[in-house]
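Reading through the structure tokens given below for one structure.
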Amino acid sequence: MSDQSADRDILKAKLNQETAKASWKELQPFFARGQTVYVAPELDLIEVALAFSEDQADTLALWRDKGQVDKVTDDQAGQWFESDQALWTVVVMPWVLVQPVQVQ
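Numbering of the sequence shown is given in the working numbering, commencing with residue 1184 and proceeding in unit increments.
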């Protein structure tokens, strides 16, 4: 295994350990500062966090163009506030990546 691959695995494990569930209401201060980023449910939250950590601009642009990764909108925030939405979160400074918890 290359050093780069090992470093990536360590970062991935670290991000996975830092993932937590939070209610949207708890995340309001971060939204108010423009720091919350929506991650679509079909994406792997940890892979997106890795892309942010590694500054994978091309990958992030592709997701953004597809509407899968972008700053949380006022509409999303309002809906999540009303429904008390639970979200998976992971911090990649200065961003808080959020992904709605899917109800089974």
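Glycine residues also receive a C-beta, built at the ideal position from the N, C-alpha and C atoms. What you are looking at is a predicted structure, and each value in this text was computed from that prediction instead of being measured.
- Here the alpha carbon of LYS1208 sits roughly 7 Å from the alpha carbon of ASP1267.
- Each residue's CA atom was taken as its position, placing GLY1261 and GLN1187 some 41 Å apart.
- Taking the Cα of GLU1225 as reference, the smallest distance to any Cα among TRP1278, LYS1254 and LYS1249 is reached at LYS1249.
- In the DSSP assignment, the residues bridged to THR1219 are VAL1279.
- With 16 or more other Cβ atoms inside 10 Å of its own Cβ, GLN1282 counts as buried.
- The beta carbons of ALA1232 and LEU1198 sit about 5 Å from each other, so the pair counts as a contact at 8 Å.
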